[in-house]
Amino acid sequence: MTPTEFPLGFTPKGRLDIIDIHAKAAEVHGERYLAFPRHLYASKHSTAGFLPTRLADRLKADGGVAAYIDVFRQMFPENAGYRHDQLELRDELAPEQKAVEPTNADSHLAFITSGLRACVTGDIRRPGPVYLVDLDGTYKGVARNRQTTIVGYHHEEEVARVMVDIPVSAHPIDSVNLADTRLGVNEQIAELIARHGVTKGRLRLELAPSEQHASLTVNEYETLLMRHDLAEVLEHPLRFASEKVRHMWNDPRAVPAKARSYARYDLPNTVNRVLDRLGINAPGIERLIARTLEAPASRFMRMRRQIDLLVSDSAEPGKGELVGGTYQTPILVQWRSAKGPSRKVEVALTRFE
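For any residue, its number in my numbering is found by taking its place in the sequence shown, counting from 1, and adding 9.
Printed below as a string of structure tokens:
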């Protein structure tokens with residue numbers, strides 16, 4: 010059997026929904042889907058992504074996944090003064106778009122910092138769910154239409170591996186749109202795919218081992234979200250949680266003490282529940298939160314060093330290309346300056362067979 014795509018749509022039950030995509034695909038596509046020993050799962054959305062399979066295994070006890078995600082939802086409450094949500098500042102949106110554009114910066118930030126992925130792989134011989142976490146499944150009470158793509162395959166072969174240099178600024182906190190045409194990364198990737206004739210496969214971007222204090226993610230590269238909201242999170246991880254507290258109490262003089270109270274009790278309690286699920290003994294959780302308050306976000310957030318992207322010829326049979334959603338962009342994020350003017354990212358292309 011040649012590699013086969015299985016489209017899968019679903020309607021979220023609420024703003025937060027956690028779906029076992031493996032079980033849903035088995036229900037919809039049956040034996041054709043289950044006949045393949047391996048699958049690549051791809052989300053087309055920047056606020057709905059997959060838990061890494063190893064993390065999902067550690068959280069698979071009832072309530073474990075929800076408790077884990079709740080940590081990041083507490084860190085990024087709704088309507089906490091995000092610049093991305095100030096639609097009057099979004100010059101790229103037409104007036105009619107602003108009327109319907111969701112205010113969902115909290116969901117984007119939770120996606121990025123919790124380590125959700127646009128693509129994950131699964132092995133049918135490994136029992137267990139493949140969780141897709143939708144952080145923004147409804148808007149004004151109306152459910153979204155979500156789309157995922159699953160590719161079933163037997164094995165994969167690496168056909169190319171190259172290193173690319175990504176120019177970065179001297180600013181310690183920065184984000185780079187890897188799809189920016191000025192970088193030429195997409196052109197290099199397209200050339201690799203064409204040269205090796207890959208029609209179904211996976212592209213992996215991974216920071217070189219020497220690169221520190223940086224990560225890769227797939228999300229919407231919107232200026233206010235990246236340059237302001239995410240930048241503030243990288244410098245002060247609990248900034249928006251504290252902002253929400255300030256608005257709730259409407260007492261600026263009480264902010265420092267009550268924000269510390271929030272950091273000391275509410276968030277650690279949520280973190281403790283997750284650590285219990287993971288089987289991690291962490292009696293010094295308050296010290297962890299204290300360090301989070303004063304240190305880069307990397308100390309607490311699960312930002313990743315690698316991302317996977319789907320390669321498919323579904324749009325034009327015989328011609329493979331990167332597949333993604335309208336607002337999905339590979340992004341390099343740094344929270345300390347690089348050693349030089351650029352960072353190295355390794356590109357690996359594999360073919361599904």
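Note that CB positions come from ideal geometry on N, CA and C, so glycine has one too.
- Contact check between the stretch 18 to 28 and the stretch 173 to 191: fewer than three CB pairs, one atom from each, fall below 8 Å, which does not count as touching.
- For leucine 125 and glutamate 105, the gap between their C-alpha atoms comes out near 31 Å.
- Beyond the five residues adjoining it in sequence on each side, histidine 54 comes within less than 7 Å, by CB distance, of Arg155 and Gly334 in the same chain, given in chain order.
- Residue pairing by DSSP places tyrosine 140 opposite Asp29 in a beta bridge.
- Here lysine 348 is exposed: its Cβ has fewer than 16 other Cβ atoms, across all protein chains shown, within 10 Å.
- Relative to the Cα of glutamine 221, the nearest Cα in the group Leu141, Gly327 and Lys353 belongs to Lys353.
- Between the C-alpha atoms of glycine 39 and aspartate 145 there is a straight-line separation of about 28 Å.
- Relative to serine 52, the option among Asp66, Val37 and Asp29 whose CA is nearest is Asp29.
- Between valine 332 and the set Ala127, Gln83, Asp189 and Tyr162, the nearest pair of CA atoms involves Ala127.
- Residue Ile133 holds the alpha-carbon nearest to the alpha-carbon of arginine 47 among Ile133, Val151, Arg99 and Arg360.
- The straight-line gap separating the alpha-carbon atoms of alanine 57 and tyrosine 230 is approximately 15 Å.
- The beta carbons of glycine 210 and threonine 359 sit about 5 Å from each other, so the pair counts as a contact at 8 Å.
- Taking C-beta separations shorter than 6 Å and ignoring five residues to either side along the sequence, the partners of asparagine 195 in its chain run Ala188, following chain order.
- Distance from isoleucine 182 to tryptophan 344 at the Cβ level is roughly 6 Å; contact confirmed, criterion being Cβ atoms closer than 8 Å.
- For leucine 118, the closest C-alpha among the options Glu167, Gly18 and Asp143 is that of Asp143.
- Excluding sequence positions up to five before and after glutamine 315, its CB lies within less than 8 Å of the CB of Arg213, Leu214, Glu215, Leu216 and Leu225, all in the same chain and listed in chain order.
- The residue among His93, Lys33 and Pro61 with its C-alpha nearest the C-alpha of glutamate 241 is His93.
- If you keep only unbroken beta strand (DSSP E) runs of at least 3 residues inside the stretch 10 to 65, you get 13 to 19, 26 to 29, 47 to 52 and 57 to 59.
- Assignment of tyrosine 336 by DSSP, reduced to helix, strand and coil, places it in the coil class.
- Distance from the CA of alanine 44 to the CA of alanine 103, rounded to the nearest whole angstrom, comes to 46 Å.
- Around the beta-carbon of proline 326, fewer than 16 other beta-carbon atoms lie within 10 Å, marking it exposed.
- With a contact defined as Cβ atoms closer than 8 Å, leucine 60 and valine 80 miss out at about 13 Å.
- In the DSSP assignment, glycine 73 falls within the unbroken alpha helix (DSSP H) covering 73 to 84.
- By alpha-carbon distance to leucine 341, the top candidate from Glu355, Arg99 and Ser321 is Glu355.
- Residue burial annotation: leucine 98 is exposed, with fewer than 16 other C-beta atoms found within 10 angstroms of its C-beta.
- Under DSSP, alanine 169 forms a beta bridge with Leu358.
- Cα atoms of glutamine 83 and arginine 204: separation of roughly 46 Å, rounded to the nearest angstrom.
- For alanine 119, no beta strand (DSSP E) run applies; the uninterrupted alpha helix (DSSP H) run containing it begins and ends at 114 to 123, by DSSP.
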